[in-house]
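**Q**
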Amino acid sequence: MTRISSAFSTPALVCFITAGDGDTAANLDALVEGGADVIELGMPFTDPMADGPAIQEANLRSLAKGTTTADIFAMAAAFRARHPNTPLVLMGYANPMVRRGPQWFADQCEAAGVDGVICVDIPPEEDAALGPALRAKGISPIRLATPTTDAKRLPKVLEGSGGFLYYVSVAGITGKQQAAQTSIEDAVAKLKAATDLPVAVGFGVRTPEQAAAIAKVADGVVVGSALVELVAQHGAAAPAALRKFTSALAQAVHNARQG
Amino acid sequence: MTQMKNSFRTMPDENGHFGDYGGRYVAETLMPLVLDLEREYRAAQADPAFKAQFDDLLEHYVGRPSPLYFAERLTEALGGAQVWFKRDELNHTGAHKINNCIGQILLAMRMGKTRIIAETGAGQHGVATATVCARFGLPCVIYMGATDVARQAPNVFRMKLLGAEVVPVTSGAATLKDAMNEGLRDWVANVHDTFYIIGTAAGPHPYPELVRDFQSVIGKEARAQMLSRTGRLPDVLVAAIGGGSNALGLFHPFLDDPDVKMLGVEAAGYGLDGDQHAASLLGGFPGVLHGNKTYLLQDEDGQITEGHSISAGLDYPGIGPEHAWLKDMGRVEYTAVTDDEALDAFQLLCRTEGIIPALEPSHAIAAVAKIAKTMPDDAIILANLCGRGDKDIFTVAEKLGVEM
Ligand SMILES: Cc1ncc(COP(=O)(O)O)c(C=O)c1O
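Residue numbers (this note's numbering), protein chains in the order written: chain A, 1 to 259; chain B, 1001 to 1404.
1. Are there 16 or more other CB atoms within 10 angstroms of the CB of G1123(B), so buried, or fewer, so exposed?
2. Within the same chain, show all residues whose beta-carbon is closer than 6 Å to that of I1365(B), passing over the 5 residues directly before and after it, in chain order.
3. Is A145(A) close to chain B? Criterion is C-beta to C-beta, closer than 8 Å.
4. Keeping to the same chain, check which residues put their C-beta closer than 6 Å to that of G172(A); ignore five residues upstream and five downstream.
5. Quick one: is T18(A) near chain B, going by C-beta distance under 8 Å?
6. May I have a chain-ordered list of the alpha helix (DSSP H) segments no shorter than 4 residues that lie completely inside the segment 1259 to 1287 of chain B?
7. At a threshold of 7 Å, does Q1045(B) count as lining ligand 1 (C-beta to nearest heavy atom)?
8. Pick from V217(A), L227(A), A248(A): whose alpha carbon is nearest that of T10(A)?
9. Within 10 Å of its beta-carbon, does E1076(B) have 16 or more other beta-carbons around it, so buried, or fewer, so exposed?
10. Nearest CA to the CA of V1191(B): which residue from C1133(B), V1149(B), V1034(B), V1083(B)?
11. Do we get a CB-CB distance below 8 Å when we pair Q108(A) with the residues of chain B?
12. Specify the secondary structure class of I1198(B) as computed by DSSP and reduced to three states.
13. Alpha carbon to alpha carbon, how far is R1087(B) from D1328(B)?
14. Leaving aside the five residues before and after P239(A) along the sequence, list all residues of the same chain whose C-beta is less than 8 Å from its C-beta, in chain order.
15. Looking only at C-alpha atoms, which of V201(A), S62(A), C119(A), P102(A) sits nearest to K137(A)?
16. DSSP state of Q1298(B), grouped into three classes?
17. Just by C-beta distance, which residues in the segment 1166 to 1194 of chain B are closer than 7 Å to chain A?
18. Report whether the distance from the Cβ of Q1104(B) to the nearest heavy atom of ligand 1 is below 7 Å.
19. Quick one: complete beta strand (DSSP E) runs, 3+ long, within the segment 1044 to 1078 of chain B?
20. Against chain B, which members of the segment 107 to 126 of chain A pass a CB distance test of less than 7 Å?
21. Quick check: does the Cβ of H83(A) come within less than 7 Å of any heavy atom belonging to ligand 1?
22. Around the Cβ of F1018(B), are there at least 16 other Cβ atoms within 10 angstroms (buried) or fewer (exposed)?
23. Quick one: Cα of G204(A) to Cα of A1239(B), how far?
24. Buried or exposed: where does L1400(B) fall if 16 or more other Cβ atoms within 10 Å of its Cβ makes it buried?
25. For N1091(B), name the three-state secondary structure that DSSP assigns.
26. Who does G1022(B) pair with in a DSSP beta bridge?
27. Does the beta carbon of I1116(B) fall short of 7 Å from some heavy atom of ligand 1?
28. By DSSP, does T1384(B) sit in helix, in strand, or in coil?
29. What are the boundary residues of the beta strand (DSSP E) that includes P1168(B)?
30. Among C1133(B), I1356(B), G1080(B), E1072(B), which has the Cα closest to the Cα of I1098(B)?
31. Residues in the same chain with beta-carbon distance under 7 Å from D1392(B), minus the five sequence neighbours each way, listed in chain order, please.
32. Going by DSSP, what residue range makes up the beta strand (DSSP E) through F45(A)?
33. So the alpha helix (DSSP H) I4(A) belongs to, where does it begin and stop?
34. Per the DSSP calculation, P1357(B) is bridged to which residue(s)?
35. Using only the alpha-carbon positions, how far apart do K244(A) and L63(A) sit?
36. So, are the CB atoms of I1197(B) and I1105(B) less than 8 Å apart?
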């Protein structure tokens, strides 16, 4: 069992924040203390094409503070030392990941104890740009499936993917609209029929109620923009706010299948 | 027919790669759509009716073929090779951009899309897109960096007159690349009904290929016109490069003519030694942005940096992937020209030929001025005059310290 697969043995809460936006170490600790099962650490990029305003601004705040790739790996390594069992996934865009070559990036991930990588703009068609280097180091390339990924295309998405399958429940950018529960249920059922990987659902999840509904059918629920907004609002006091909100989400997700 | 062994005209491969460059680096939501677009483009290529409609619109709506013009007084002033221009500034809307927009809107309608979006920097591609949308009665949303909206007021008003909605983009640095990000965000959220008309030979496959093909009308006409006027091919082709579409349009039909040299001219801004330029090939590194792998202006962590050029149509931090490949192959030579050199060339063409060029081709003219005098007077340089300068007179006046 890997760290990721153990985390999904019961419905899991996956929490996203942007690296270098606020006190990342304290914020990550708060997420874990609140009950997050998997951490997605966003790598800031100047051109976050798939993100809505909340995460765009988090990217810019982080870069304005001078966050470098080396800083992000240092944050990851320190997190791994403090939390040996919580899976850590890096999420971001291709260019910062491949800048020094895929090999370099995979080596850094391995050294920092990163479990998986979600790259928004490397679809399976361009897997060669990063996938082989990650797999060679035992790091899971986590792919996205979307409402536009039809049954014919799904095998292509699953080929070479690992960790979990991230279902983007709306055709759109992060943080905007939320998908209808019935369409999520349909989609998750189809995905689960096609893969043994855990299926986590994200994009537009903002409340414990939504998270609970999704956790009834999916293996995991991803929350991002709502957390990033708390970081923006609360500044130095963000850890307390994150801990409180995460624990409400975690309770909802962890108890979703009882009763 | 014998197949040329080393043809430069067979790219991209079936995955949309030009060697190491190009590809389809897009979010999964868009993947099915770009695959659809490719299928539809292949079908259109095989459909004589598509080509007939494209050709008809280019002739009667755009005003093609554009003239091939021998610039006698400029040639005299420079002293050396003969300078000829492909007059794409005479097209409807004043630049080469419309060639591509005609092709793409026909594709959009074939695909049953009912809403058009585009990005624009200086506004030329925005105007051309708004124009074809008005012509075919489709709603049109143009994303434009807020900085550019303020700098390019006349083009903003033109787009509005043509019925387009112009959305100022305030995210990031509020310039062309941010407008492109916002276009991609819109597209991801509206894939079912929306077609994205990309304005240069960049973006995910098949955009670089299809934009090049639609723009290749420039080089096809020029090649035939040159042969019929002079009985020979030019010695050197010269074109300015933002994303690279007018340059590829001119170059591509000549790529397998081994005696024809080609020179792509990037914007050196305040100079290549600093970071205030927009020369992705000469001053950047390969990376991934906006759907393709290509040379980019970026820092050592892969963060994209802002280009600068006096010409708003050239200050994009990337370049079409086919140019990246042609550079590595050594088939096309690339150089760069500063703001000041372009400004001098702009004025030189005004006074010697009575033609006010756009600041983009002024970069090409500046490069022509440098090489013409090193060449004999029976040599022929053919440069792409890809846009007229009406849109730029305010910028030029300001630079020259003239109050309007
Ligand atoms: C007249 C003109 N020339 C050139 C360009 C640069 O684009 P490309 O390199 O794709 O031709 C632009 C872009 O706005 C333009 O308006």
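All residues carry an ideal CB built from backbone N, CA and C; glycine is no exception.
**A** Taking the definition as stated:
1. buried
2. A1345, L1349
3. yes
4. none
5. no
6. 1280 to 1283
7. no
8. V217(A)
9. exposed
10. V1034(B)
11. no
12. coil
13. 29 Å
14. D23, A26, N27, D29, A30
15. P102(A)
16. strand
17. S1171, G1172, K1177, N1181, L1184, R1185, V1188, A1189, V1191
18. no
19. 1068 to 1070
20. V120, D121, I122, P123, E125, E126
21. no
22. buried
23. 46 Å
24. exposed
25. coil
26. H1017(B), K1293(B)
27. no
28. Residue 1384(B) is actually Asn in this sequence, not Thr. N1384(B): strand per DSSP, three-state reduction.
29. 1165 to 1169
30. C1133(B)
31. A1358, L1359
32. Taken as a continuous stretch (DSSP letters only), F45(A) belongs to no beta strand (DSSP E), as it is neither H nor E.
33. 3 to 7
34. R1388(B)
35. 27 Å
36. yes
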